[in-house]
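Number of protein chains: 2
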Amino acid sequence: MKKTPIDKTDIGILNALQLNGRISNRQLGSTLHKSESAIKVRVQHLQEAGLIKRFAAIVEPKLLGRGLIGYVQVIVERHTEQDLTAFMEKAKALDEIMECYHMTGAFDFLLRIAVADMDEYSKVLMKKLGNLPGVRHFESFFVMSEVKNETAYSIGE
Amino acid sequence: MKKTPIDKTDIGILNALQLNGRISNRQLGSTLHKSESAIKVRVQHLQEAGLIKRFAAIVEPKLLGRGLIGYVQVIVERHTEQDLTAFMEKAKALDEIMECYHMTGAFDFLLRIAVADMDEYSKVLMKKLGNLPGVRHFESFFVMSEVKNETAYSIGE
DNA sequence: GTTGAAAACGGAGCCTA
DNA sequence: TAGGCTCCGTTTTCAAC
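Residue numbers (our numbering), protein chains in the order written: chain U, 95 to 251; chain R, 95 to 251.
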């Protein structure tokens, strides 16, 4: 069905496609010394195996009215399965929450919020995050400047 | 030179390309009621204007030996420009640091680290993060499970 | 690999503000 | 008249055999 082990060619494909998701199979083949068809089936397999989740255009939120990025640490009231899953379901549904992780340590969830400005953040915090179920405590931290934001994992193997 | 205002067609293009970066111009045109050529020049303009930063394959780090994600809060010794820029330059150069933000509030930088496992994290912390210049304090938090990780900003205008 | 289909590219001409 | 569009021929890429 699918090949689990990854070889050097797959690594080359993954590294290249992470940097340019629109590179042609032919061009990939010429740098990796494989035929276009060989590249094609490998890319398909990488997608079916879930190594490539999707192809996406990476946009600049600053230029699209989502320039304020905040990270929010969340502590919930009780750590029952119902409460945790209820929180997670609601978090997934909110457009302003770009990322949500269940964390180890001093807090339970870490959220990445993207909004236009502090006015909107204030509204989101009160009207939306405030209504998330079972929350005991929020603490917000804001991004002043983005030093690095890399989507491409450098794969060496 | 370039068109700053974004219209409804651009919004449609951006929303679609964020979800599928490999959708064809022709297909985009048919849903947005424009010709293939019109879509093509708009996508070019969106790239030149920096609204689209790049196209990328989004991969699954768990399947690529980068399954442990940690967030690290960093407090630096002094907030001089030299110290801050020195830290940022070094952070940018480290492959394990996928994201680095200069933050407001109780700590100075937030790092997203992707490594294979706790053994590797321990080494990275001591050998690499420990050598970042001017650091006073680290605090690490780890992702137990990823509830949501969205790269597509929903653009409404 | 080869071949037919599909998509991208690039230019000419049209329409509108 | 400049910007944006459509139309269409050419080149490149895709996809199936």
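Where a beta carbon is used, it is the ideal one built from N, C-alpha and C, also for glycine.
If you're wondering where the values come from, they're calculated on a predicted model, not measured in any experiment.
- Buried/exposed call for Q138 (chain U), threshold 16 Cβ in 10 Å: Position 44 of the first sequence, counted from the start, is the residue given in the question as residue 138 (chain U). When all chains shown are included, Q138 (chain U) counts as exposed.
- Item | Cβ of L158 (chain R) within 8 Å of any chain U Cβ | Along the second sequence, read from residue 1 onward, the residue named residue 158 (chain R) stands at position 64. Closer than 8 Å: yes.
- Taking Cβ positions, are L122 (chain R) and I133 (chain R) nearer each other than 8 Å? What you label residue 122 (chain R) is simply residue 28 of the second sequence in a count that begins at 1. What you label residue 133 (chain R) is simply residue 39 of the second sequence in a count that begins at 1. Less than 8 Å divides the Cβ of L122 (chain R) from the Cβ of I133 (chain R).
- Would you verify that the beta carbon of I152 (chain U) is, or is not, closer than 8 Å to some beta carbon of chain R? Here residue 152 (chain U) corresponds to residue number 58 of the first sequence, with the count starting at 1. Flagged as an interface residue toward chain R: I152 (chain U), by a C-beta distance shorter than 8 Å.
- In chain R, what lies closer than 7 Å to L111 (chain U) by C-beta? Here residue 111 (chain U) refers to the residue found at position 17 when the first sequence is read from its first residue. Close partners of L111 (chain U) in chain R (Cβ separation under 7 Å): A151.
- Task: Have a look at V209 (chain U) and E251 (chain R) and give me their C-alpha separation to the nearest angstrom.
- Result: Here the question's residue 209 (chain U) lines up with position 115 in the first sequence. Here the question's residue 251 (chain R) lines up with position 157 in the second sequence. Spanning the two alpha carbons is a distance of roughly 12 Å.
- At 7 Å on the CB atoms, spell out the chain R contacts of N252 (chain U), in chain order. Shown here, chain U extends from 95 to 251; a query on residue 252 (chain U) therefore has no answer.
- Identify the residues that DSSP records as bridge partners of E193 (chain U): which are they? By one-based count along the first sequence, residue 193 (chain U) stands at place 99. Looking at the DSSP assignment, E193 (chain U) forms a beta bridge with U:R206 and R:N243.
- Query: Counting only beta-carbon atoms, is F232 (chain U) nearer than 8 Å to chain R?
  - Reply: In the first sequence, counting from the first residue as 1, residue 232 (chain U) sits at position 138. Output row for F232 (chain U): interface = no.
- To the nearest angstrom, how far is it from the Cα of A145 (chain U) to the Cα of Q112 (chain U)? Counting from one through the first sequence, the residue named residue 145 (chain U) turns up at place 51. Counting from one through the first sequence, the residue named residue 112 (chain U) turns up at place 18. Looking at the sequence itself, residue 145 (chain U) is Leu, so the reference to Ala does not match. Each residue's Cα considered, the two are about 11 Å apart.
- Item | Any 3 or more C-beta pairs closer than 8 Å across the stretch 219-234 of chain R and the stretch 172-180 of chain U | No contact exists between the stretch 219-234 of chain R and the stretch 172-180 of chain U.
- Item | Within 8 Å, strictly: CB atoms of I105 (chain U) and T245 (chain R) | Along the first sequence, read from residue 1 onward, the residue named residue 105 (chain U) stands at position 11. Along the second sequence, read from residue 1 onward, the residue named residue 245 (chain R) stands at position 151. No Cβ-Cβ contact shorter than 8 Å links I105 (chain U) with T245 (chain R).
- When DSSP labels each residue in this structure, what does L162 (chain U) get in the three-state scheme? Here residue 162 (chain U) refers to the residue found at position 68 of the first sequence. Here L162 (chain U) sits in strand by DSSP.
- Residues in its own chain within less than 7 Å of I117 (chain U) by CB, not counting five upstream and five downstream? As a first step, residue 117 (chain U) must be located in the first sequence, where it is residue number 23. If the five residues before and after I117 (chain U) are omitted, its C-beta is found closer than 7 Å to the C-beta atoms of A110 and L111, all from its own chain and listed in chain order.
- Message: Tell me the rounded alpha-carbon separation between G164 (chain U) and F235 (chain U).
- Response: The count along the first sequence starts at 1 and reaches residue 164 (chain U) at position 70. The count along the first sequence starts at 1 and reaches residue 235 (chain U) at position 141. Cα to Cα, G164 (chain U) sits roughly 6 Å from F235 (chain U).
- Proximity winner among R:K102, R:E214 and R:F181, relative to L162 (chain R) (alpha-carbon distances): The residue you call residue 162 (chain R) lines up with position 68 of the second sequence. Nearest of R:K102, R:E214 and R:F181 to L162 (chain R), Cα basis: R:E214.
- Task: Report buried or exposed for A185 (chain U), applying the criterion of at least 16 other Cβ atoms within 10 angstroms of its Cβ.
- Result: Position 91 of the first sequence, counted from the start, is the residue given in the question as residue 185 (chain U). Classification of A185 (chain U): buried, given that the 10 Å Cβ count is 16 or more.
- Message: In whole angstroms, give me the CA-to-CA distance for L158 (chain U) and E233 (chain U).
- Response: If you number the first sequence from 1, residue 158 (chain U) lands on position 64. If you number the first sequence from 1, residue 233 (chain U) lands on position 139. Roughly 26 Å separates the two Cα atoms.
- Query: Mind pulling the chain R residues with CB within less than 9 Å of H196 (chain U)?
  - Reply: Counting from 1 along the first sequence, the entry for residue 196 (chain U) is found at position 102. Ordered by position in chain R, the residues that pass the 9 Å Cβ test against H196 (chain U) are V237, M238, S239, E240 and V241.
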